[in-house]
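*Asks:*
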Amino acid sequence: MGKTAELLPGTLDMLILKAVSLKPLHGYGVMVRIRQISGDALEIPQGSLYPALYRLEHHDLIAAEWGQSENNRRAKYYTLTAAGRRRLRDETDGWNRLATAIAAALNTTSEEV
Amino acid sequence: MFKRWRSLFRVLTRRRDFEDSMTEELRFHIEQYTDELVSSGMSPEKAARLARMELGSLTNVKGDCREALGIHLLDEVRRQLSYAARLLRKSPAFTVTALLTLAVCFGANLTIFAVIDSVLLRPLPFPEPSRLVTIFNTYPKAGVDRDGSSLTNYYERRGHIPAFTSLAIYGYGTEIVGEPGSTERLQTMRISPDFFSTLGLGPAIGRTFTDEETTSETDHVVILSDTFWRQRFNADPNVIGRLVRVNSVPRTVIGVLPPTFRFLSSDARVFLPLASRPEDRLPSRRHAGGNVIQMIARLEPGATLAQAQSQIDAQNAALEVDDPQAKMIADAGFRSLVVPLHADHVAAIRPTLLLLEAGVLVLLLIGTVNLVNLLLIRAGGRVKELAVRQALGASQGYVVSETLVETTLLTLVGGLLGLGVGAGGIRLLDALGYDRLPLGGRIAFDMRLALVVLVAALVMGVVLAAAIAWFNLRRHLCNALHSESRGGTSGRTAQILRQGFVVSQIALAFILLAGAGLLGLSLQRVMAVSPGFQSDHILTGQILLPWADYPDGTARLKFVESLMDKIGQLPGAGRNSSLCPIPAGPLQI
Numbered sequence: 050m051g052k053t054a055e056l057l058p059g060t061l062d063m064l065i066l067k068a069v070s071l072k073p074l075h076g077y078g079v080m081v082r083i084r085q086i087s088g089d090a091l092e093i094p095q096g097s098l099y100p101a102l103y104r105l106e107h108h109d110l111i112a113a114e115w116g117q118s119e120n121n122r123r124a125k126y127y128t129l130t131a132a133g134r135r136r137l138r139d140e141t142d143g144w145n146r147l148a149t150a151i152a153a154a155l156n157t158t159s160e161e162v
Numbered sequence: 004m005f006k007r008w009r010s011l012f013r014v015l016t017r018r019r020d021f022e023d024s025m026t027e028e029l030r031f032h033i034e035q036y037t038d039e040l041v042s043s044g045m046s047p048e049k050a051a052r053l054a055r056m057e058l059g060s061l062t063n064v065k066g067d068c069r070e071a072l073g074i075h076l077l078d079e080v081r082r083q084l085s086y087a088a089r090l091l092r093k094s095p096a097f098t099v100t101a102l103l104t105l106a107v108c109f110g111a112n113l114t115i116f117a118v119i120d121s122v123l124l125r126p127l128p129f130p131e132p133s134r135l136v137t138i139f140n141t142y143p144k145a146g147v148d149r150d151g152s153s154l155t156n157y158y159e160r161r162g163h164i165p166a167f168t169s170l171a172i173y174g175y176g177t178e179i180v181g182e183p184g185s186t187e188r189l190q191t192m193r194i195s196p197d198f199f200s201t202l203g204l205g206p207a208i209g210r211t212f213t214d215e216e217t218t219s220e221t222d223h224v225v226i227l228s229d230t231f232w233r234q235r236f237n238a239d240p241n242v243i244g245r246l247v248r249v250n251s252v253p254r255t256v257i258g259v260l261p262p263t264f265r266f267l268s269s270d271a272r273v274f275l276p277l278a279s280r281p282e283d284r285l286p287s288r289r290h291a292g293g294n295v296i297q298m299i300a301r302l303e304p305g306a307t308l309a310q311a312q313s314q315i316d317a318q319n320a321a322l323e324v325d326d327p328q329a330k331m332i333a334d335a336g337f338r339s340l341v342v343p344l345h346a347d348h349v350a351a352i353r354p355t356l357l358l359l360e361a362g363v364l365v366l367l368l369i370g371t372v373n374l375v376n377l378l379l380i381r382a383g384g385r386v387k388e389l390a391v392r393q394a395l396g397a398s399q400g401y402v403v404s405e406t407l408v409e410t411t412l413l414t415l416v417g418g419l420l421g422l423g424v425g426a427g428g429i430r431l432l433d434a435l436g437y438d439r440l441p442l443g444g445r446i447a448f449d450m451r452l453a454l455v456v457l458v459a460a461l462v463m464g465v466v467l468a469a470a471i472a473w474f475n476l477r478r479h480l481c482n483a484l485h486s487e488s489r490g491g492t493s494g495r496t497a498q499i500l501r502q503g504f505v506v507s508q509i510a511l512a513f514i515l516l517a518g519a520g521l522l523g524l525s526l527q528r529v530m531a532v533s534p535g536f537q538s539d540h541i542l543t544g545q546i547l548l549p550w551a552d553y554p555d556g557t558a559r560l561k562f563v564e565s566l567m568d569k570i571g572q573l574p575g576a577g578r579n580s581s582l583c584p585i586p587a588g589p590l591q592i
């Protein structure tokens, strides 16, 4: 396992939305998927994963349904709703703008000032 | 927002399902993680332990999940409710006293408020009732405060006062209605053709009267109330054109009123045209009102009472110029007053009702003070318990919310009992004959009143909680632990506070007692005023003879003589029985 980064506050919801946007996932799957798509760089705190999932479902950004897991066990699967898709797009745009701005600010050299 | 409420509702209605599925989901997570750790070479026991540790305490995670949905607050309230109910059950003497106090206070207030609401507050059942006014002549210097309006007034004002959309007159009466053998003496109203259009509510079937039907030769038409139509015609939709005998004269039915129609307090079943002769409408009859005919009008949209009043004043002044009696009329202080119809109709009863309302509000205040006192004594007994709990970490907010839940539970249950008492009170008013009050027929117990009481109960719960919470949090923990320990006396301020409440409670009770006493005394005085004759052992009754059957004085005299003869033969009737108008009784036409 490589070096893991601390999750910035507010980014957990965005990552969960991204994870379930690719494919319906159960809670454990969301955790594995986030680890995988971040190249093992992001480790989400397991204690806050489920409250976040419940909150997103409560706000109608994701929908839940019971189904069969890969090893034939009952598991609760989450999918993205239309509202969730919109929210993911907005958050992605916002994040990209922020990241670009911060990168530009940090790359400034003394000649450019 | 709506979706969020729906999601919350779904969770709350299937609470057990929610908890089960949450447990299952978390167990699945732990097992998956354990499997993953085992497959990477860890021993099963160690893997299981690590998986549990990574997720953290299950209780905490579940709590966070519930919090994400906002249901933890409801859980908390439910827990506090059951705690409060347990506490109240543990001291039945206190609980019963408090609930009885609340039930009586809320019940009395509900009953009186029901009367106030129906008489003073609820608007008249017509479109835009605030535009309805009544106009009456007054001659204060001649000792006549109210003389109704005259036919002349009506014909002179109709269409000549720009502030009025329309203007109408009416008079109350009683007539003998029905075929010979099955007659009934019914309340009736005689009305001008524009009466219904002024009110904005006319016949549901048929038409209203026309101007041609206002002479005694052409007035053989009648409009029926819904009640009369149902009772006598079995709600026959083809009633128009059928005949109804009024005072032995057949009249043609031309209209039926809707069931909701009720003019002020009148219970009129039959409406007749207000017929008159041309000589009754002459200027010389302008001041011949005699309080028999009343006038109503509808203000133009945007017109004010003051505008209407000044226009009426101006017209009166212009008309009086060539009146031979002008000097006498002016000396009598003649004016025609324009006043809102509703306010005018209830003007006499208004102060009495407000006094009653003040009385029951004082009663409620006494009840509240009494309750605060009881609650304070109870809180005093629990000071140490609360101090210990606070010392162990209970937050102030928690203590306050616990008090709030307890007092609100108490007042809400009291409010519910009060609804029962109030409903009984309204029944009692019924037995006492409240429909003789102006607009009294409208008094009824409805959802709106129930809601007012429950909101009042809620507010009272909050007020009581504020008082008790203040008492609980005001003191220092350390002092509380010392002074309220077994054997210690209660704090000085606590004693002063309780005594203060007792004193104010007694003071309030005296206000109420003195008020009720004064009312009783003044009633006794009124009853004790001698009417100038011996009123005991005298019976009264009213007889109405139809004109058609008793056309002249001789026929009527003959009837009276034979009646007197029969009364004289009755056992127990005095020799000196006689017929005459009752002094101080209602004036009959």
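Chains as they are written, first to last, in this note's numbering: chain A, 50 to 162; chain B, 4 to 592.
Ideal placement from N, C-alpha and C gives every residue a C-beta, glycine not left out.
1. Say whether the stretch 308-316 of chain B touches the stretch 163-175 of chain B, bearing in mind that this needs 3 or more beta-carbon pairs closer than 8 Å, one atom from each stretch.
2. Look at the alpha carbon of residue 613/B and the alpha carbon of residue 272/B, and state the distance between them as a whole number of angstroms.
3. Kindly provide the ranges of any alpha helix (DSSP H) runs that are 4 or more residues long and lie completely inside the stretch 196-222 of chain B, ordered along the chain.
4. For a test of your reading of the model: does the CB of residue 211/B fall under 6 Å from any non-hydrogen atom of the ligand GDP? Yes or no.
5. Check the Cβ-Cβ distances between residue 85/A and every residue of chain B, and say whether any is below 7 Å.
6. List, from N- to C-terminal side, the beta strand (DSSP E) runs of 3 residues or more that fit wholly inside the stretch 114-192 of chain B.
7. Interface residues of chain A around residue 68/B at Cβ under 7 Å?
8. What is the DSSP secondary structure of residue 72/B, reduced to helix, strand or coil?
9. Beta carbon of residue 596/B, beta carbon of residue 211/B: below 7 Å?
10. Comparing alpha-carbon positions, which option in 66/B, 64/B, 87/B lies nearest residue 405/B?
11. Ends of the alpha helix (DSSP H) at residue 565/B?
12. Please list, in chain order, the residues of the stretch 62-89 of chain A that have any C-beta partner in chain B closer than 9 Å.
13. What three-state label does DSSP hand residue 51/A in the structure shown?
14. In this structure, does DSSP put residue 33/B in helix, strand or coil?
15. When you compare the CB of residue 490/B with every CB in chain A, is at least one pair closer than 7 Å?
16. Buried or exposed: residue 330/B, going by 16 or more other Cβ atoms within 10 Å of its Cβ?
17. Can you look up residue 3/B in the DSSP assignment and give me helix, strand or coil?
18. What distance in whole Å lies between the Cβ atoms of residue 414/B and residue 460/B, which are believed to be in contact at a cut-off of 8 Å?
19. Which chain B residues are close to residue 96/A, counting only those with a beta carbon under 9 Å from its beta carbon?
20. What do you reckon, are the CB atoms on residue 299/B and residue 201/B nearer than 7 Å?
21. Taking only beta-carbon atoms, is residue 148/A less than 7 Å away from chain B?
22. Helix or strand or just coil, what does DSSP make of residue 112/A?
23. Classify residue 106/A as buried or exposed, calling it buried when 16 or more other Cβ atoms lie within 10 Å of its own Cβ.
24. For residue 232/B, count neighbouring Cβ atoms within 10 angstroms of its own Cβ and tell me buried if that reaches 16, exposed if not.
25. Would you call the stretch 144-153 of chain A in contact with the stretch 76-86 of chain A, where contact means no fewer than 3 C-beta pairs closer than 8 Å?
26. Where does residue 335/B fall in DSSP's three states?
27. Counting pairs of beta carbons, one from the stretch 417-425 of chain B and one from the stretch 502-512 of chain B, are three or more of them closer than 8 Å?
28. Would you call residue 28/B buried or exposed, if buried means 16 or more other Cβ atoms sit within 10 Å of its Cβ?
29. Under 7 Å Cβ to Cβ from residue 446/B, same chain only, skipping five residues before and after it: list those, please.
30. Within 7 Å of any Cβ in chain B, is that where the Cβ of residue 124/A sits?
31. Which of helix, strand or coil does DSSP assign to residue 541/B?
*Replies:* On the basis of the data shown:
1. yes
2. Residue 613/B lies beyond the range of chain B shown here (4 to 592); nothing can be said about it.
3. 198-202
4. The ligand GDP is not part of the structure shown, which contains no ligands of any sort.
5. no
6. 135-141, 167-180
7. 99, 100, 103
8. helix
9. With chain B covering 4 to 592 only, the question about residue 596/B has no answer from this structure.
10. 87/B
11. 556-572
12. 75, 76, 77, 78, 80, 81
13. Note on residue 51/A: pLDDT 48, under 50, position unreliable in the model; no value is reported.
14. helix
15. Any reading at residue 490/B must be qualified, since the residue scores a pLDDT of 45, below 50, and its modelled position is unreliable; the value itself is stated next. Chain A, which has no Cβ nearer than 7 Å to the Cβ of residue 490/B, makes this no.
16. exposed
17. This structure cannot speak to residue 3/B, because chain B is shown only from 4 to 592.
18. 4 Å
19. 57, 58, 59, 60, 63, 64, 67
20. yes
21. no
22. strand
23. buried
24. buried
25. no
26. coil
27. no
28. buried
29. 117, 118, 121, 429, 432, 437
30. yes
31. coil
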